[in-house]
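Residue numbers (this note's numbering), protein chains in the order written: chain A, 55 to 589; chain B, 578 to 1443.
Even for Gly, the Cβ is constructed at its ideal location relative to N, Cα and C.
Notes for the one structure printed next.
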Amino acid sequence: MEISLIGSSQAKLGRSDLANRELGFINLKDGFRVSNDRVCLGKNVRWKKAGIRFTLRALHQSEPLQAEKRSGAGRRSKSVDGVRLFVGLPLDAVSKDCNSLNHAKAIAAGLKALKLLGVEGVELPVWWGIVERDAAGKYDWSGYLAIAEMVQKMGLKLHVSLCFHGSTKPNIPLPDWVTRIGESQPDIFFKDRSGKHYKECLSLAVDNLPVLDGKTPIQVYQSFCESFKDSFSPFMGSTITGISMGLGPDGELRYPCHHHLSSDGKTQGVGEFQCYDQNMLSILKQHAEASGNPLWGLGGPHDAPTFDQPPISGFFKDGASWESSYGDFFLSWYSNQLIAHGDSLLSLASSSFGDTGVTIYGKIPLMHSWYGTRSHPSELTAGFYNTVKTDGYEPVAELFARNSCKMILPGMDLSDAHQPNETHSSPELLLAQIMAACKNHGVQVSGQNSSESAVLNGFEQIKKNLGGDNVLDLFTYHRMGAYFFSPEHFPSFTEFVRTLNRPELHSDDLPNEGEEEVAQSMIKSQESSISMQAA
Amino acid sequence: MSMSTTLTLEPLFRRPIPISIAHRSSNPKTFFFPPPSSLSSSTIIKTPSWSWSPSHKLHAPKFQAFAANTDTLEPLQSSDVLFSKISPINRTELLEGKIFVRLDQGRDLRNWELTVGCNLPGKWVLHWGVSHLDDVGSEWDQPPRDMIPPGSVPIKDYAIETPLKKSSSAAEGDNFHEVKIDLTYNSEISAINFVLKDEETGAWFQHKGRDFKVPLVSYLKEDANVIGPKKGFSFWPGALGQISNILLKSEAMHDNDQDNSKQSSEPKQGNSQLEGFYVEMPITKEVTVSNSISVSIKKCTETSKNLLYLETDIPGAVLLHWGVCKDDLRRWEVPPAPYPAETVAFKDRALRTKLQSRDSGKGNSVEISLGEEFSGFLFVVKLDENTWVNDKGNDFYIPLSSSSSSLTVKREDQSEGVQREVTKVESQEESSSTFTDGIINEIRHLVTDISSEKTRKTKSKEAQESILQEIERLAAEAYSIFRTNIPTFSEETVVEPEAAAAVESETLVSPEPPKISSGTGTGYMPKDLYNLNSRYGNIDELKDVVKSFHGAGIKVLGDVVLNHRCAHFKNQNGIWNIFGGRLNWDDRAIVADDPHFQGRGNKSSGDNFHAAPNIDHSQDFVRKDIKEWLLWLREEIGYDGWRLDFVRGFWGGYVKDYLDASEPYFAVGEYWDSLSYTYGEMDHNQDAHRQRIIDWINATNGTAGAFDVTTKGILHSALDKCEYWRLSDQKGKPPGVLGWWPSRAVTFIENHDTGSTQGHWRFPSGKEMQGYAYILTHPGTPSVFYDHIFSHYKSEISTLMSVRQRNKIHCRSTVKILKAERDVYAAIIDDKVAMKIGPGHFEPPSGSQKWSSALEGRDYKIWEAS
């Protein structure tokens, strides 16, 4: 294969000199060699007509591309034509022992299809429980590296989601050694009022407590991130363009207010406050004592409903305790704990990956049930102090802005019209509120759909969300798998992608559009292969 | 136009192995019965087309003819060879030829000569045998010794292999091979059966999936007269035993009439019983042809132009599409004239030159003179409308020197083992085929000429179309693989945890291979054969179970469903008949005569199962894939043998083929049809029923056993209605399969289909032990149902098993039936075991032997000789 000169993989380009020699072809101009090298390095500058562009390219060479990429809102003006589209890889792409890939062949075929479709990249969940399964500090990235390689070969981008949580479906628990620790110290997990532990992620109250064999969870997460960075350094900034930091249950910044949150967020009940593990209680106690109301620190609101109860009575009722000063005390504390947790993790990610040129993301949930009530109980139990009186997302957006992170927002496929009436749910209004907060703070949003099986009119709703004048620059569609490629679903997805792609951009305008560009139409990628052959 | 995009497209579709021209098997219809055509072998040029249709347009000739003026070419005087390169090209040609069968009268009326010939190259072997008049089944026999030509090799006791020899008559061409068999008139022989085998490739050539059959006796003539106008002996396909019904024959005749009407010529009038005939059957065979293209460049000292000389030994008309490039962007350009003779411009972007025949008469060559401003010469070679030769998916590229000083490399590049790729475009129907390379290749052509804005748009559209199709194909592929992780149907045995213990006890007894009754409740609608994950467990668990059985010394049979397979995708008519997964067959793999699934294969060789597409086992690719799969099951899972599901659906000869390939320790087929009843009353004589099962075993050449459904059916009536007289046939032998061919009879009273949760045909309740007393003392290979082992019958069954083992009763043991009366059946087996079932009275005769009671239960009793 190396003989062939019209090759275009990076590996091959790196070898082009050799190949040329073999064919007795020594008529290379120096300039071209340089550009070959640059392509090898994965700078990914886009050119329409390579022949004309070499001078431009040389100019661009000195420019720090990453700085460009991270400049956030500045890019917007150029990307109005569309949103970059990513597709999530299967949650269990790597098997639990990390040695093997699940459905590798299917993923390979799927990647090709996505590439041809013009999708920009894929999202890959990387599980703590798989990589660091056996012992603290013992990482096995092999399976994920294999996938990164596949993605790179396919010329797709990769967003990595670092999952510090566990999952029941598919069954990917926390690392074995963490689970073992949890057996002896169950209070590293969140606990609800009835004493049930939520074992799919650590309680945020232990973030800075040395509960993991003498290390704090934050330290463990940090080592994990560092190891990730080292192991994936060849991909960083080139293939890997985004890292999403796991912030809590299902990776989202929230409390596990519903122990089994359905994927589309449709829950009738309001959830429960999760402040009953020993560490949370002691923080609450200190806080209450410090604020002069020691009695408020003995537990959560006594009249909060249980998981599945609607908020018709008790704490969340209009005029009930949530509106009292006790309510304000508790809810502020509860949400501030969450924000502080998010802050330490996002700043950890920023400092770990700041020099790699990748964009850091964090995900927040879309707790849209009961949004139409005054107290927004679902958001309150999840940790967002967002009611008719307070804007709970301003501090969240501010948190993301402070850490130069982009925000992942799910639920882009949900429309108000398809929500059950009795829950006063409004995903659209909630999305609008969060996006407005993000806009205020210059935080860019990456959208996701929330459900794996298509919601009625889901694609329409996504398009609507993407079309608006908003802060979205990327959309990740979840998630590759049997259903995704099934005859029921894939054609509509194809249709969706094609309508997303605007008619051809006149892209020979700016030389540095680079990867900020939307997924291209087929033709353009085809044409570009010409310039590729040239390079 | 992003660099990032461009980086990848191409390696996606690169394949290390060159694609051959002819893909898999050719259209089976043409294989056997093409319209009469020339006898000469020729490269297959089938209705080709891309998997995406618009491609034709891309090559729609839009030529501007140039004045071909050879005089303007530079003279050949030139200097050193600057560059020379030979690229080997492997093509697969599909040769079409014929099989000739001729029956001639020999020296006198009693001597006849059968000639079988073939005009394709190969190492041909005639694999043949005869049928005797008194044969009931379709079994082959060894021919009499005087019929066997020298050089023949007997194959077991039923066939002869005789190699074909190069024909002495030169008229037929170099490759004509034939074999002659002298037939001495022999009234015993009713027919000669044969298949043709090519030992080079191991391929078998059959006639419509059956043996060729040349009937030799008169009553067939009468039959023939009954059937159709064609008098005398026709040459018809297949193992039509005498018991075949008229309808089937007339069908076969009908086919034959159609297919051979122009060919079966000049029936010679022979004696009253036999007529000569001559027929030709078209066959095809793939052969690999190695060719090469060599290119050399010389520098013409006078003009300082480059002279490029290209030659190839590919025969026939060869078109060179070529262009030049000025830099290493390799963008095609058209150089200024002069051009070689017979050059036309091809869409402004390339030149098309017809290569000139070389003086030697073999191959083609061309010489092209190129200005020194060009840095490279690009070309692809077109052999015919559908066959393009390129360099592994890329255009061939030959560097040219732009300044003569800089290029001093003189190089003989033999390109060690670098294979060139020949891309063959497939027929329209192949829309879901994997001809990505072809698409990409075409895209490449397209890409290389996107300079003119005008053509660009239309091309873009076409390219888009093709890419969408490619996306669909990839998605379908991904879907089929992802799906396999969802527990769906699959074919496999299920083994409950306790099974190990169960079969342990069975091994104690069974003189034949012990086996597990595969207790799948479902799994009989397989889809992806390589997916062994099911609701019973995943593939790893299956392997574990097999391993633990092996650890206990127990063999494991895999329950394989070969008759039918559920499709993954719909065809364009919305019919589910396209398969996915590892065996992504198309509708040629489905029999043609099942109206529900629009198969394009041959007609079924058996009964159809109507819930799913029936597989056409006459297709070579199907059989090849199935054999591979069985071997995989043997090696990967560790199965020792097979329980073959629904074998009524296809010819037993294929089963033989599969068993020969997979070499199972034991195999048993499920040949299930209903017994004979008259007015709701089961007939006493069930010979027809067991004959059908025997026929099937025969067709497998005895490589497989079969479940003795006859015995189970008779036991039902006998036990249920107290009609124990049924247990002896008219000749005083056991009335089931075990009475006729005990070593192939797998006796049972219940299995997972008939009993257990499915309960299709339950054994009379409460009489199970009588059933076991019968089958566990009788010859045949008894199998004990899992459910029964773990029931309250456990101890009785295991006692019966140990009686059987202790007395070394085996599958060929002899049965002496002593009583078959209304209320009692009694027999002595091997003179060692006596048994009776039924409420009636029986005591073994006290003669030379002394009998001692071994086991007594409800309505049955077993004695052992002491």
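Inset, instruction - Step through the CB atoms of chain B and report whether any lies within less than 8 Å of the CB of F383/A. - result: No, its Cβ sits nowhere closer than 8 Å to a Cβ of chain B.
Inset, instruction - Per DSSP, which residues does M724/B bridge with? Please list them. - result: Paired residues: none, contrary to the question.
Inset, instruction - For R1060/B, go through chain A and note every residue whose CB falls closer than 7 Å to its CB, in chain order. - result: Residues of chain A passing the Cβ test: A536.
Legend entry - Cα-Cα separation, I226/A to I1058/B: Near 21 Å, if we compare the C-alpha coordinates of I1058/B and I226/A.
Inset, instruction - Check the Cβ-Cβ distances between T1032/B and every residue of chain A, and say whether any is below 8 Å. - result: Note that T1032/B scores a pLDDT of 42, beneath 50, so its modelled location is shaky; the value from the coordinates is reported in the next line. Output row for T1032/B: interface = no.
Inset, instruction - Rounded to whole angstroms, what's the CA-CA distance from G1158/B to I1116/B? Just pull it up for me. - result: So the two alpha carbons sit approximately 16 Å from each other.
Inset, instruction - Could you pull the start and end residues of the beta strand (DSSP E) that D1163/B belongs to? - result: Note, D1163/B: premise wrong, no beta strand (DSSP E); not H, not E.
Inset, instruction - Return helix, strand or coil for N390/A, following the three-state DSSP convention. - result: Correct three-state label for N390/A: helix.
Legend entry - A163/A to E1049/B span [Cα, whole Å]: So the two alpha carbons sit approximately 10 Å from each other.
Legend entry - CB contact flag (A1322/B, T1358/B, <8 Å): The answer is yes: Cβ separation under 8 Å.
Inset, instruction - State the Cα-Cα distance for the pair A1281/B and K1233/B, rounded to the nearest angstrom. - result: Answer to the nearest angstrom: the Cα atoms are 8 Å apart.
Legend entry - Backbone CA spacing between F1456/B and H1141/B [nearest angstrom]: What the structure shows of chain B is the stretch from 578 to 1443, and residue 1456/B is not part of that stretch, so it cannot be assessed.
Legend entry - Spatial distance of I418/A from L1045/B (CA atoms): Between I418/A and L1045/B, the C-alpha separation is close to 35 Å.
Legend entry - Y1402/B, enclosing beta strand (DSSP E) - first and last residue: Its beta strand (DSSP E) spans residues 1402 to 1406.
Inset, instruction - Could you check what DSSP says for Q239/A in three-state terms: helix, strand or coil? - result: When secondary structure is reduced to three states using DSSP, Q239/A falls in the coil class, being assigned neither helix nor strand.
Inset, instruction - Would you mind stating whether Y1242/B and G1218/B have Cβ atoms separated by less than 8 Å? - result: With contacts defined by Cβ atoms closer than 8 Å, Y1242/B and G1218/B form a contacting pair.
Legend entry - Cβ pair G1178/B, Q1149/B closer than 8 Å: Cβ distance not < 8 Å, so G1178/B and Q1149/B don't count as in contact.
Inset, instruction - Under 6 Å Cβ to Cβ from G699/B, same chain only, skipping five residues before and after it: list those, please. - result: Excluding five sequence positions before and after G699/B, the CB atoms of its chain that fall closer than 6 Å to its own CB belong to D775, E777, given in chain order.
Legend entry - Residue-level contact to chain A via CB, L884/B, 8 Å cutoff: It does not: the Cβ of L884/B has no partner Cβ on chain A nearer than 8 Å.
Legend entry - Reduced DSSP category for R679/B - H, G, I as helix; E, B as strand; rest coil: For R679/B, the secondary structure class from DSSP, reduced to helix, strand or coil, is strand.
Legend entry - Secondary structure, beta strand (DSSP E): runs of 3+ residues fully inside the stretch 1188 to 1267 of chain B: The qualifying runs are 1218 to 1222, 1244 to 1246.
Legend entry - Per-residue burial, P1356/B [other beta carbons within 10 Å of its own, 16 or more giving buried]: Burial call: buried.
Inset, instruction - Could you list which residues in chain A have their beta carbon closer than 7 Å to that of A1055/B, in chain order? - result: For A1055/B, the C-beta contacts it makes with chain A under 7 Å involve A160, A163, G164, A167, F539, in order along the chain.
Legend entry - CB-CB length for S871/B against E888/B, believed under 8 Å: About 6 Å separates the two Cβ atoms, so the contact holds.
Inset, instruction - Could you tell me whether the Cβ atoms of L143/A and M461/A are closer together than 8 Å? - result: By the CB criterion at 8 Å, L143/A and M461/A fall outside the cutoff.
Legend entry - Inter-residue spacing [alpha-carbon to alpha-carbon] between L691/B and L680/B: Rounded to whole angstroms, L691/B to L680/B spans 5 Å at the Cα level.
Legend entry - Element boundaries [beta strand (DSSP E), containing F789/B]: Where F789/B is concerned, the enclosing beta strand (DSSP E) stretches over 789 to 792.
Inset, instruction - Name the one or two DSSP bridge partners that A1442/B has. - result: Beta-bridge pairing links A1442/B to W1428/B.
Inset, instruction - Step through the CB atoms of chain B and report whether any lies within less than 8 Å of the CB of L171/A. - result: At least one beta carbon of chain B lies nearer than 8 Å to the beta carbon of L171/A.
Inset, instruction - Specify the secondary structure class of W182/A as computed by DSSP and reduced to three states. - result: The answer is helix: DSSP assigns W182/A an H, G or I state.
Inset, instruction - Determine, using beta carbons only, whether F286/A comes closer than 8 Å to chain B. - result: In terms of beta-carbon proximity, F286/A stays away from the interface with chain B, with every pair separated by 8 Å or more.
Inset, instruction - Using a Cβ-Cβ cut-off of 8 Å, state whether S1052/B counts as contacting chain A. - result: Looking at the sequence shown, residue 1052/B is not Ser but Ala. Yes, A1052/B lies at the interface with chain A (some Cβ there is under 8 Å from its Cβ).
Inset, instruction - Figure out for me which residue from K1409/B, H1387/B, E1420/B has the closest Cα to the Cα of Y1402/B. - result: Nearest to Y1402/B by alpha-carbon distance, out of K1409/B, H1387/B, E1420/B, is E1420/B.
Inset, instruction - Would you kindly work out how many angstroms separate the C-alpha atoms of K371/A and Y425/A, rounded to a whole number? - result: Annotation: K371/A to Y425/A spans about 13 Å, alpha carbon to alpha carbon.
Inset, instruction - Can you give me the start and stop residues for the alpha helix (DSSP H) that P545/A sits inside? - result: Run containing P545/A: 544 to 554, per the alpha helix (DSSP H) assignment.
Inset, instruction - Give the straight-line distance between the Cα atoms of G44/A and I666/B, rounded to the nearest whole angstrom. - result: In the structure as shown, chain A begins at 55 and stops at 589. Residue 44/A is therefore absent and cannot be evaluated.
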